[in-house]
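In short: position in the sequence shown from 1, add 6, done, that's my numbering.
Okay, so here's the structure we're looking at.
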Amino acid sequence: MPELPEVETVANGVHQRVHGQTILSVWTSNKPQTFKSPPAEIADVLTGARIDRVHRVGKTIVVDLGRPLSKKLSSRPNPEQAKRVEGEVEGPASTQTPGPAKNAQFLIHLGMTGRLLVSTPETEVPPHTHAILTLRSGKQLRFVDARRFGRLSVATETYTGPGKEPLTIGLEDFIALFHGRRTPIKAALLNQALLHGVGNIYADEALHHAGIRPRRHAGRLTRDELTKLRTALQKVLKKAIKLGGSSVSDYVDADGVAGFFQLHHYVYSRTGEPCRTCKTPIERIVIGGRSTHFCPKCQR
């Protein structure tokens, strides 16, 4: 599943390519697993809206929508936009232009295999495409998800996410998150109600760089250890964003390009390989049902 750096990379790439554009029409596949809001509601809110900003909150891509244009917009897709995609049944396109309410947002969760791609109309529509937003520039914003664990919805209140933001949380707030918690620190890092956006890859990597074993109880870590962990987590996340995220499964950015941070993993998915720091073989255990990788020598 894409984590914070991958979602940030996609959101930044989409923003650069589509911000300021007006959405002329919306096509959806109507597959119920994909839509947290009814497809018709999504189409009604998006059609005629202006994309003011695309950004990340936790693991969710948030599209801030501006007020609609005053004149009627054509919202009927051309044949290529409405074509049947392999394995999918064509859904309706929007035929209305009500535009967004104040502070309306389009929320996109990529799930495990979701992709948000900026394409031209002549580019072949991939199988398992569930939404196509046609923009005034002629470009299209497409949501593709083979396994349908991703979710699309609209909101009229500002989405703030379930937990604290890892990249900006202050030291005292970070330390307070883990006070008195008996869960392993690895499980605590994955708790989205505490820190939203951190997943398996970056929890393992941050714990390695901080020299902390993943099974240690979160509430027993010292202030110095939590200070090191916060620094390591933010450093790892920022480096991963710079390198376009980790492509260890289906993840690609807004142009369909894979990331490169997987080439810099110290422990994640390197079971039995030598630690890049001390050459000790990396070990794998399971914590809370999640594969966990660490160096038994560097992490204490």
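Ideal Cβ positions, reconstructed from N, Cα and C, are used throughout, including at glycine.
In the three-state reduction of the DSSP assignment, F184 falls in the coil class, being assigned neither a helical nor a strand state.
Between the C-alpha atoms of T286 and T277 there is a straight-line separation of about 11 Å. Taking D58 as the centre and dropping the five residues before and after it, the same chain places the C-beta of D70 and G72 closer than 6 Å to its C-beta, in chain order. Under the 8 Å Cβ criterion, the region 171 to 186 counts as touching the region 230 to 237, having at least three qualifying pairs. Residue H299 holds the alpha-carbon nearest to the alpha-carbon of G217 among V20, H299 and V68. In the three-state reduction of the DSSP assignment, H61 falls in the strand class. Distance from the CA of G167 to the CA of I48, rounded to the nearest whole angstrom, comes to 20 Å. Exclusion of the five residues before and after V292 leaves T298 as the residues of its chain whose Cβ lies within less than 8 Å of its Cβ. For G19, no beta strand (DSSP E) segment is defined; the enclosing uninterrupted segment is the alpha helix (DSSP H) at L10 to V24.
For E289, no alpha helix (DSSP H) encloses it; the enclosing beta strand (DSSP E) starts and ends at E289 to I293. For A161, the secondary structure class from DSSP, reduced to helix, strand or coil, is strand. About 7 Å separates the beta carbon of T28 from that of L141, a gap short enough to meet the 8 Å contact definition. As a beta-bridge residue in DSSP terms, A137 pairs with T34 and F149. Under the three-state reduction of DSSP output, V51 falls in the helix class. Taking C-beta separations shorter than 6 Å and ignoring five residues to either side along the sequence, the partners of V150 in its chain run R121, P132, H134 and T135, following chain order. Excluding five sequence positions before and after S43, the CB atoms of its chain that fall closer than 6 Å to its own CB belong to S159 and V160, given in chain order.
For Q240, the enclosing alpha helix (DSSP H) starts and ends at R229 to K248. Counting along the chain, I67 sits inside the beta strand (DSSP E) bounded by residues T66 to G72.
T126 is classed as exposed because its beta carbon has fewer than 16 other beta carbons within 10 Å across all chains shown.
Residue pairing for I114: DSSP places it in a beta bridge opposite I67 and L158.
Here the alpha carbons of I138 and P11 stand approximately 24 Å from one another. Following the DSSP letters along the chain, one finds H299 inside the beta strand (DSSP E) bounded by residues R296 to F300. Judged by DSSP in its simplified three-state form, K42 adopts coil rather than helix or strand. Residue Q305 holds the alpha-carbon nearest to the alpha-carbon of E231 among Y274, R282, R154 and Q305.
Where L123 is concerned, there is no enclosing alpha helix (DSSP H), although the beta strand (DSSP E) around it starts and stops at R121 to S125. Residue pairing from DSSP leaves K285 without any beta-bridge partner. G203 and T66 have their C-alpha atoms spaced approximately 8 Å apart.
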